[in-house]
Structure formats: structure tokens, C-alpha cells
Amino acid sequence: MNAPSPELLEKLAQLLGPKGYTADRDAIAPWLTDWRGRFHGESVALLSPANVDEVAAVMRLAGEYGAPLVPQGGNSSMVGGATPPADGSALILSLRRMNRVRSISPADGVVVAEAGVILANLHDAVAEQGMRFPLTLGGKGSATVGGLVSTNAGGTQVLRFGTMRALTLGVEAILPDGARFDGLNPLKKDNRGYDIRHLLVGAEGTLGVITAASLRLVPAILDRAVGWIGVDGPHQALKLLRLIEGRAGDAIEGFEIVPADSLALVLRHIPGTRAPLGGDHPWHVLVELDRSDPAAQAPAAQLEGLLAAALNEGLCRDATIATSEAQAEAFWKLRDSISEAERAQGPALQHDISVPVAAMPDFMLSAAETIRSAYPGVSVSAYGHLGDGNVHFHVRAPENPPADWQKTAGAAISPHVHDLVVAAGGSISAEHGIGQMKLAENARLADPARLMALGAIKAALDPKHLLNPGKLVPLATDRTAP
Ligand code: MLT
Ligand code: ZN
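Start counting the sequence shown at 92; every next residue gets the next number (this note's numbering).
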């Protein structure tokens, strides 16, 4: 690919003005590397349109000059999905200036937010109206609405409310030819064939650029109970989940599993953290029960009863319930900081995988054993969304690894893990997407019909591969690409 033409850059600078266009190296630098520091790209300009018309104009100019664009929100992709290619051929299209909450309708339970709205700000804006946007995740301080929709993000509340796909009621997007798809109207029924909204959710910015979304709101929480529980292992944890689901039904908001070594990393690397329970436990569970309806049972009393029953039935070793909001937040911080703690610890290989929920406990233990014995010295932690059948299966390097461990001694590990996942009937990407990190592995393992459909859809909408090239869709499967 060629470097972007000076004539195009000149036109973009004129179109976007000094606030929307920069070629300054220092201003661009933070957006060239992914959060985990595994992918480094190059780009000569950062484009930050202020509104949807400017996005459309940028897209038309890019099409005219054949310049690839990499849409970017908070740059918090876990799979290098928002990092530009290393050859400097692409321009970064940042949506961060489009950060308006356009409307909030508590009566309809809908918020319309622009792509650049940061998740934590969205939470605050709707809370002021007595409402809640239920999806949340560790990166809520940087992840944006556009990125969350484009990656069909999950997080820690999927159990009750589903992923972004379930919460996205409509989208506005600019398609590769510059046309505006105006699908924000949150129609409950709309049966006009292919659902463009669902095509764009999880498309990783390869089919269009999301500029705004209509998102589902639920009533604000009246009160909640957050518990930290020591358990023997994943089998016991899953039985505990079923017990809580059976008796607390819809009140269960979160259920996350944390192995002892992940907790230890958090305690070592994240200042101000402390273990909620005395004594050592091999595994832990964080559970949250909520209520929005004052007539429902208070969550603290409900959780207390459930944990007493669990202790009685031998489903937990010890447990504590947060006695204040600050303590509840502290429990969640332990869970949400695992990635950050692991990053501070050293090189690791991350696998964001799913298998059928009932098969997950066996998979977690047997896959960990297989990998530990095949690669002596590595540490394996599987943590996260057990109730969704999705854990983050992370393999950390042995002591004092070489800087390029992931690409040398560790290179065989991810294909090995993925083979185990496929053999268990699972997915190699449960929530983070394919991006560039899993591109080759998806091409190796996905069934041919899936790859054919991906390539054909990409070729139909973006035949020149100008949108987020090198992510999700392998160039080779696009039969019409030049
Ligand atoms: C999590 O659940 O903590 C995230 O998806 C991030 C991660 O895999 O590190
Ligand atoms: Zn996760």
C-alpha cells in the first residue's frame, strides 16, 4: 500500500480544521500502540471529525484517493483491533470528539449516544435521569460507545442483560461509500430483510463507521449486595451459580470466578487492594445481587440466606458480604484489575474463549493441566465470566523471559490452546473479537462457510478493503479485492 497522498492530506486538513486534523507526531503517538503494548502501528495523520457529516466527507475523500482508515474510540481493544497497520498507509479516524449524549428517554428506556461517549460518562449521564446502562467492564474509563458496539463488547453484567448486541437498539453509521445509514429509531419490530444494525454490531469497524447508537436503559439500582466467596474450584462455583440463579432469579447481576493466583497478582501490583477473606482459598467468586423494585427482597438479606444455604450444602468454603458501597467497589476493583495487574507482572498470552457453560469447569482444569505440562515453567490463570461460559485463559511466561517470549518460546502456546477450545466445541473469541491478534488463528480454525460469508460481505460493502484493513477479515478471502 502507498503512503497517503499529500493532496488528500491537504484536503482533509481543510475539511476538518485544526481541531479535527493533526499530523503532529506527539499528538498521534499515543494512538499507535494498543493497550497491552503488543501491536505498534504507524500513521501520518489523526483525523477527529466533529460530526456525522464530517465523517461522511472523510470517508468519501478516503475512497476517492484509496486511503485506508482505521476507526478508533478509546483504543482499548484487547486484540489490536484499533491499531493502524505498521506500513503507515492508513489514517486514524478518531471518533472521540463526537461525544454528545443526544437524548435520554427514561419513559422508553433509550439513550442515544454518539460514538465517542466514554462508557463511564454514559453511566453518569443516564444515572442523573434515574436510569442505568447495564453493560460495564474494567476499561469503562476509556472504552467508547462506538468501540463497544463495533466489538459487541461483553463485560461483567452479560449474565443478566446480554452483550452489546442485545443492548443496541439502533445504529447510525457511515458506510464505506460515504452513505449514511440512519438506523437509530429503536423499532421493536422491523422485518425488512438483512438487519444492517446486527451486521455492524461486532463488525470491528470493517463494514462501516458507527457514529451513534440507541442503547437500552434499565431502571437505576435501588440497592445491591456484593459478596466475595472462597470456593474449591470451578465445579463448585458453577453449582453455586445454579443455586443462586434458582433462588434469586433475575436479581443476579454478576458472577465472576477468580483463581488464587490472579488475586495474588492484583494484591501485588494494584495499590490499596486487600484480600476480602482471611485464609487461603484456591478459587474465589464475586457475586452481585441487585434490586430496582422496593417491593423485592433486600439483596443483602437475600445474599446472606443464599450463602448460608451454600455453606450448608458444601458449595463454598467461606464468604463475606460488603458492608458499604466503598467495600463493594473495592471487591469489584479486585476483579476489574486483573488485566492491569497481569500487564505489570510481565509477558503473557491471552485467550478469550468460550465453551458450553456446563463443560467449562472440566475445560478450565484439564486445559490448564495440558498447557502447564507441555510448556514447563508457565503459569495458567482462567478467570472471568463463568456463567457466560467465557473465561480469560491466560498463560504467563516463566521467570525472566526474553522480551520476545510471545513470538519465540511462547509461539506454539496459543495455537495449542485454540485447538483445545475447538475440540471442546468452543469459540476462540468469546468477547474481545478477532482484530489482528486472532486473524491468522481464525482463518486456520473457522469453518470454510463462515470464512466465505465474512469475505463475501466485506467484498460487497468495502471491496477495496479501506476500512480497518488487516482486522477480522483476511485479505485473501476477499475475492474481489484489487
Ligand atoms: C476482563 O474480563 O477482565 C476483560 O475482558 C479483560 C481481559 O481479558 O483481560
Ligand atoms: Zn472479559
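The beta-carbon is built from N, C-alpha and C at its ideal position, and this holds for glycine as well.
Computed from a prediction, not measured in an experiment: that's the story for all the values here.
Would you check whether the ligand SAM has a heavy atom nearer than 7 Å to the C-beta of glycine 480?
With respect to the ligand SAM, the structure shown offers nothing to examine, as its ligands consist of the ligand MLT and the ligand ZN.
Is DSSP giving methionine 451 helix, strand or coil here?
The sequence position of residue 451 within the sequence shown is 360, counting from 1. Residue state, collapsed to three classes: helix.
Confirm the yes/no value for this check: CB of glutamate 522, any heavy atom of the ligand ZN, distance under 7 Å.
Locating residue 522 in the sequence shown gives position 431, counting from the first residue. Yes - the ligand ZN has a heavy atom lying nearer than 7 Å to the Cβ of glutamate 522.
Can you tell me which of Ala392, Leu440, Gly154 and Leu394 puts its alpha carbon nearest to the alpha carbon of alanine 503?
Sequence index remark: in the sequence shown, residue 503 carries index 412 (1-based). Nearest in C-alpha terms to alanine 503, of all of Ala392, Leu440, Gly154 and Leu394, is Leu440.
What residue range is occupied by the uninterrupted beta strand (DSSP E) comprising glycine 345?
Locating residue 345 in the sequence shown gives position 254, counting from the first residue. Run containing glycine 345: 343-350, per the beta strand (DSSP E) assignment.
Near threonine 259, which residues of its chain fall below 7 Å by C-beta distance, leaving aside the five closest residues on each side in sequence?
Here residue 259 corresponds to residue number 168 of the sequence shown, with the count starting at 1. Only Val240, Arg288, Val292, Ala304 and Leu306 meet the Cβ criterion.
From the DSSP output, in three-state form, read off serine 548 for me.
Counted from its first residue, the sequence shown places residue 548 at position 457. It is isoleucine, not serine, that sits at residue 548 in the sequence shown. For isoleucine 548, the three-state secondary structure derived from DSSP is helix.
From arginine 256 to leucine 536, what distance separates their C-alpha atoms?
The residue given as residue 256 occupies position 165 in the sequence shown. The residue given as residue 536 occupies position 445 in the sequence shown. Distance between the alpha carbons of arginine 256 and leucine 536 is about 24 Å.
Could you tell me how far apart the beta carbons of threonine 302 and alanine 206 are, in whole angstroms, since I believe they sit closer than 8 Å?
Here residue 302 refers to the residue found at position 211 when the sequence shown is read from its first residue. Here residue 206 refers to the residue found at position 115 when the sequence shown is read from its first residue. Their Cβ separation, rounded to whole angstroms, is 5 Å, which keeps threonine 302 and alanine 206 in contact under 8 Å.
Measuring alpha carbon to alpha carbon, tell me which of Arg359, Glu344, Ile548 and Ser185 ends up nearest alanine 435.
Translated into positions along the sequence shown, residue 435 becomes position 344. Of the listed residues, the one whose Cα sits closest to alanine 435 is Arg359.
Short check: CB of glutamate 532 to CB of histidine 507, under 8 Å?
As a working mapping, residue 532 is identified with position 441 in the sequence shown. As a working mapping, residue 507 is identified with position 416 in the sequence shown. No, Cβ-Cβ distance for glutamate 532 and histidine 507 is not below 8 Å.
May I ask you to report which of helix, strand or coil DSSP gives arginine 627?
Since the first and last residues shown for the chain are 92 and 573, residue 627 lies out of range.
Can you round the beta-carbon distance between glycine 132 and threonine 235 to whole angstroms, since I take them to be within the 8 Å contact cut?
Sequence index remark: in the sequence shown, residue 132 carries index 41 (1-based). Sequence index remark: in the sequence shown, residue 235 carries index 144 (1-based). Actually they do not touch by this definition, with Cβ atoms about 19 Å apart.
Can you check which of these residues, Glu431, Gly526, Ala421 and Thr414, is closest to leucine 558 by C-alpha distance?
As a position in the sequence shown, residue 558 is number 467, starting the count at 1. Here the closest residue by C-alpha is Gly526.
Any idea what DSSP makes of methionine 169, helix, strand or coil?
The residue labelled residue 169 in the question sits at position 78 within the sequence shown. Reduced to three states, the DSSP call for methionine 169 is coil.
Report the CB separation of threonine 411 from glycine 318 in whole angstroms; it is logged as a contact under 8 Å.
Counting from one through the sequence shown, the residue named residue 411 turns up at place 320. Counting from one through the sequence shown, the residue named residue 318 turns up at place 227. Right, their Cβ atoms sit about 7 Å apart.
Between Ser430, Glu344 and Pro367, which lies nearest to leucine 394 when the distance is taken from Cα to Cα?
As a working note, residue 394 is residue 303 in the sequence shown. The option with the nearest alpha carbon to leucine 394 is Glu344.
Which residue from Asp215, Arg129, Gly363 and Ala177 puts its Cα closest to that of alanine 94?
Within the sequence shown, residue 94 is the residue found at index 3, counting from 1. Selected option, being the one with the closest Cα: Ala177.
Can you give the Cα-Cα distance for leucine 184 and aspartate 409, rounded to whole angstroms?
What you label residue 184 is simply residue 93 of the sequence shown in a count that begins at 1. What you label residue 409 is simply residue 318 of the sequence shown in a count that begins at 1. Approximately 50 Å, taken between the alpha carbons.
Looking at the unbroken beta strand (DSSP E) that takes in isoleucine 577, where does it start and where does it end?
Outside the shown range of the chain, which is 92 to 573, sits residue 577, and nothing can be said about it.
Count the other CB atoms within 10 Å of the CB of glycine 246; is the residue buried (16 or more) or exposed (fewer)?
The residue labelled residue 246 in the question sits at position 155 within the sequence shown. Burial call: buried.
Counting only the same chain and skipping the five closest in sequence on each side, list residues whose C-beta sits under 8 Å from that of serine 96.
Walking along the sequence shown from the start, residue 96 turns up at place 5. Shown here for serine 96: same chain residues with a beta carbon closer than 8 Å to its own, the five before and five after excluded, namely Tyr156 and Ala158 in chain order.
Among Leu250, Asp443, Val513 and Ser518, which one has its Cα closest to the Cα of valine 482?
For this step, residue 482 is matched to residue 391 along the sequence shown. Closest by alpha carbon: Asp443.
Check for me: the alpha helix (DSSP H) holding glutamate 98 runs from which residue to which?
For the purposes of this step, residue 98 is taken as the residue at position 7 of the sequence shown. It spans 97-111 - the alpha helix (DSSP H) in which glutamate 98 sits, taken as one unbroken run.
Pop quiz: aspartate 125 and threonine 174 are said to be a contact at Cβ under 8 Å. What is the actual Cβ separation, rounded to whole angstroms?
For the purposes of this step, residue 125 is identified with residue 34 of the sequence shown, where counting begins at 1. For the purposes of this step, residue 174 is identified with residue 83 of the sequence shown, where counting begins at 1. So it is a contact: roughly 5 Å between Cβ atoms.
Pick helix, strand or coil for glycine 516, following the three-state DSSP scheme.
The residue labelled residue 516 in the question sits at position 425 within the sequence shown. Reduced to three states, the DSSP call for glycine 516 is coil.
So what does serine 194 bridge to, in DSSP terms?
Indexing the sequence shown from 1 puts residue 194 at position 103. Checking the DSSP bridge columns, you'll see serine 194 partnered with Val203.
Please classify serine 194: is it buried, with 16 or more other beta-carbons within 10 angstroms of its beta-carbon, or exposed?
As a working mapping, residue 194 is identified with position 103 in the sequence shown. Exposure of serine 194 is indicated by the presence of fewer than 16 other C-beta atoms within 10 angstroms of its C-beta.
Measuring only the C-alpha atoms, how far is alanine 148 from phenylalanine 346?
The residue labelled residue 148 in the question sits at position 57 within the sequence shown. The residue labelled residue 346 in the question sits at position 255 within the sequence shown. Rounded to the nearest angstrom, the two C-alpha atoms are 45 Å apart.
So phenylalanine 422 and proline 367 are supposed to be a Cβ contact under 8 Å. How far apart are they, rounded?
Along the sequence shown, one-based indexing puts residue 422 at 331. Along the sequence shown, one-based indexing puts residue 367 at 276. That belief holds up - the Cβ atoms of phenylalanine 422 and proline 367 are roughly 6 Å apart, short of 8 Å.
Reducing DSSP to helix, strand and coil, say where glycine 154 ends up.
Along the sequence shown, read from residue 1 onward, the residue named residue 154 stands at position 63. Glycine 154 falls in the helix class under three-state DSSP.
Please determine if the segment 458-477 and the segment 486-499 are in contact, where contact requires at least 3 C-beta pairs separated by less than 8 Å.
Here the segment 458-477 makes contact with the segment 486-499; the two share three or more CB pairs at distances below 8 Å.
Sorry if obvious, but does the Cβ on glycine 165 come closer than 7 Å to a heavy atom of the ligand ZN?
Mapped onto the sequence shown, residue 165 falls at position 74. Glycine 165 Cβ: outside cutoff for every heavy atom of the ligand ZN.
Rounded to a whole number of angstroms, what is the C-alpha to C-alpha distance between serine 472 and glutamine 163?
As a position in the sequence shown, residue 472 is number 381, starting the count at 1. As a position in the sequence shown, residue 163 is number 72, starting the count at 1. Spanning the two alpha carbons is a distance of roughly 30 Å.
Who are the near neighbours of lysine 279 in its chain, counting only those whose CB is closer than 7 Å to its CB and skipping five residues on each side?
Taking the sequence shown and counting its residues from 1, one reaches residue 279 at position 188. Excluding residues within five positions, none has a Cβ falling inside 7 Å.
What are the residues that DSSP puts in a beta bridge with proline 162?
Mapped onto the sequence shown, residue 162 falls at position 71. The partner list for proline 162 (beta bridge, DSSP) reads Leu184.
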